[in-house]
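Heads up, our numbering is the position in the sequence shown plus 639, with the first residue counted as 1.
Heads up, the beta-carbon is just placed ideally off N, CA and C, and yes, glycines get one too.
In what follows, a structure is listed as structure tokens, so that the remarks can point back to it.
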Amino acid sequence: MNYARFITARSAARRPSPIRVYTEIQNRAPKSVISLATGSPNPNTFPFKAAAITIDNGKTIQFDEQIMKRALQYSESAGIPELLSWLKQLQVKLHNPPTLHYPSSQGQMDICVTSGSQEGLCKVFEMIINRGDNILLNEPVYSGTLQALRPLGCNMINVSSDEYGIIPDSLKEILSKWKPEDSKNPEKNTPKFLYTVPNGDNPTGNSLTSNRKKEIYELARKYDFLIIEDDPYYFLQFNKLMVSQLLHQWGEEGFLAHIERVIDYYRKQKDALLTAADKWLSGLAEWHAPTAGMFVWFKIKGISDVKKLVEEKAIKKEILMVPGNAFYIDSSAPSPYFRASFSLASPEQMDVPTTTILKLQLENRAHTVQNHRKAGRVENLQLEKKREGDAEPQELWRCGDP
640 MNYARFITAR
650 SAARRPSPIR
660 VYTEIQNRAP
670 KSVISLATGS
680 PNPNTFPFKA
690 AAITIDNGKT
700 IQFDEQIMKR
710 ALQYSESAGI
720 PELLSWLKQL
730 QVKLHNPPTL
740 HYPSSQGQMD
750 ICVTSGSQEG
760 LCKVFEMIIN
770 RGDNILLNEP
780 VYSGTLQALR
790 PLGCNMINVS
800 SDEYGIIPDS
810 LKEILSKWKP
820 EDSKNPEKNT
830 PKFLYTVPNG
840 DNPTGNSLTS
850 NRKKEIYELA
860 RKYDFLIIED
870 DPYYFLQFNK
880 LMVSQLLHQW
890 GEEGFLAHIE
900 RVIDYYRKQK
910 DALLTAADKW
920 LSGLAEWHAP
930 TAGMFVWFKI
940 KGISDVKKLV
950 EEKAIKKEIL
960 MVPGNAFYID
970 SSAPSPYFRA
980 SFSLASPEQM
990 DVPTTTILKL
1000 QLENRAHTVQ
1010 NHRKAGRVEN
1020 LQLEKKREGD
1030 AEPQELWRCG
1040 DP
């Protein structure tokens, strides 16, 4: 595939820095080479001489003085060569991408190590977005992505989604405004790319089904737009040199075994939050069990906007969550959703935030009933227990105006 039409004029004008090229030459050169080229700090001045890290199986990874000098020194722009080689081999084993063997002029697969997916996204966005470009995404969308896109002045077009991810028919409807051949005419401004989190969407926790992925891919081929997949949760990030040493000690099988342990840990965390939600929020909120990631996406019933509840009332109760409006293109619009992460709280702590939401919701309903009573609009007042075993009866109201 020829990616030239997607690259901005600003990015196309960039050329490799001669100094960075010399850095690569210097790092690969034999010790006999005398370098007066780069402004690399002298490693003899580094204060850290050695380190030892104990991993979860009790084994220790030793970082001697030579490794520490490399860890603290400038490296190649794309990443440490040994790490890049290891990651490429992992891709071959897991996916065997055909683009690995393509000529570089036709889209050969390559890897660049970044300091996190957010940095990677910013680099990609700035490389291909011109002001006024149309781009596709599905709300709710990761708030960090929105913060990276807004300053670039692009037109963000929302593609509808459900608990199984992007709805292909919605994407088809949006794309029907153009003809497939319009992609060859810059004046038609066809969508440049689709951004999505295919596995464990942030904030909803939804994942695209295989059939939907195929449909979306065929649409991308038909209308010639890129798909930018943000998949931050499957292989979590590590320090570059540390992970390079760790991966070589583990090997591929050891690494994949670690991933399975992490998956099992987060599965138990997820189950603990869902159990607490079933216990305390049934009837008061709606949610779907996430298929991946670290989050549950809750919708509070009877409240059009939870921003004040989350950012003021819940914080006073020492509970932190993220209000749903942070994940929409128009962040000023009211939203009944909030995102709850299950990564840090212990299973024993999961009852606390869910009971807090329950109490705050009941307080909100009580306040609503009082306002409706003053206005003469109370249709029915009902007192009942939330659930057998509650210490005290909970008050639930149904008002004429929701």
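Legend entry - Span separating the alpha-carbon of I768 from that of Q786: 14 Å
Inset, instruction - Determine contact between the segment 750-769 and the segment 854-869, defined as no fewer than three beta-carbon pairs at a distance below 8 Å. - result: yes
Inset, instruction - Helix, strand or coil for Q1047, going by three-state DSSP, please let me know. - result: The displayed coordinates of the chain run from 640 to 1041. Any statement about residue 1047 would go beyond what the structure contains.
Inset, instruction - With W936 as the anchor, note down where its beta strand (DSSP E) starts and where it stops. - result: F934 to I939
Inset, instruction - Can you check the segment 691-747 for any beta strand (DSSP E) of at least 3 residues that lies completely inside it and give the ranges in chain order? - result: 699-702
Inset, instruction - Tell me whether L1042 sits in a helix, a strand or coil according to DSSP, three-state version. - result: The first residue shown for the chain is 640 and the last is 1041, placing residue 1042 beyond what the model contains.
Inset, instruction - Using 10 angstroms around the beta-carbon of N964, count the other beta-carbons present and answer buried if the total reaches 16, otherwise exposed. - result: buried
Inset, instruction - Could you give the DSSP three-state label for F864: helix, strand or coil? - result: coil
Inset, instruction - Assign E925 to one of three DSSP states: helix, strand, or coil. - result: strand
Legend entry - Neighbour-count burial assignment, L1020, 16 or more Cβ in a 10 Å radius: With a pLDDT of 41 at L1020, under the threshold of 50, the predicted position of this residue should be treated as unreliable, and no value is reported.
Legend entry - C-alpha gap between K688 and Q884, whole angstroms: 16 Å
Legend entry - Proximity winner among F764, T738, I902 and G718, relative to P929 (alpha-carbon distances): I902
Legend entry - Length of the line joining the Cα atoms of P790 and F764: 11 Å
Inset, instruction - Go to L775, then tell me how far its beta strand (DSSP E) extends in each direction, as first and last residue. - result: N773 to L776
Legend entry - Minimum length 3: unbroken beta strand (DSSP E) runs contained in the segment 941-973: none
Legend entry - Where R978 falls: helix, strand or coil (DSSP): strand
Legend entry - Of the listed residues K853, V935 and K918, nearest to K909 (C-alpha basis): V935
Inset, instruction - With DSSP collapsed to three states, give me the class of T784. - result: helix
Legend entry - Three-way DSSP call (helix, strand, coil) for M989 in this model: coil
Inset, instruction - List the residues that DSSP assigns as beta-bridge partners of T835. - result: E868
Legend entry - Boundaries of the alpha helix (DSSP H) in which N666 is found, first to last residue: P657 to R667
Legend entry - I767: first and last residue of the uninterrupted alpha helix (DSSP H) it sits in: S756 to I767
Legend entry - Residue nearest to Q712 in terms of C-alpha spacing, selected from I958, A915, K947 and P686: P686
Inset, instruction - Please classify L675: is it buried, with 16 or more other beta-carbons within 10 angstroms of its beta-carbon, or exposed? - result: exposed
Inset, instruction - Could you work out which residue in P973, S970, P992 and S971 is closest to S980 when comparing CA atoms only? - result: P992
Inset, instruction - Taking I813 as part of the beta strand (DSSP E), name the residues at either end of that continuous run. - result: No beta strand (DSSP E) contains I813, which is instead part of the alpha helix (DSSP H) from P807 to L814.
Legend entry - N797, enclosing beta strand (DSSP E) - first and last residue: N794 to N797
Legend entry - In DSSP terms, what D903 is bridged to: Bridge partners of D903: none, in fact.
Inset, instruction - Go to R649, then tell me how far its alpha helix (DSSP H) extends in each direction, as first and last residue. - result: A648 to A651
Legend entry - Own chain, CB closer than 8 Å to I774, minus 5 neighbours either side, in chain order: I768, L788, C793, N794, M795, I796, P830, K831, F832, L833 and Y834
Legend entry - CA nearest to the CA of K953, picked from F977, L913 and R653: Residue 953 is actually Ala in this sequence, not Lys. Considering only alpha carbons, the answer is F977.
Inset, instruction - Give a yes or no on contact between the segment 725-738 and the segment 834-844, applying the rule of three or more CB pairs nearer than 8 Å. - result: no
Legend entry - Residues near L726 by beta carbon distance below 6 Å, same chain, minus five either side: I750
Inset, instruction - Compute the Euclidean distance between the alpha carbons of K918 and W817, then round it to the nearest angstrom. - result: 49 Å
Inset, instruction - Could you name the residues of the same chain whose beta carbon sits closer than 8 Å to that of E778, not counting the 5 residues immediately before and after it, in chain order? - result: N797, S800, F966, Y967 and I968
Legend entry - Neighbourhood of T994 by C-beta, 6 Å cutoff - its chain only, sequence neighbours within 5 removed: W919
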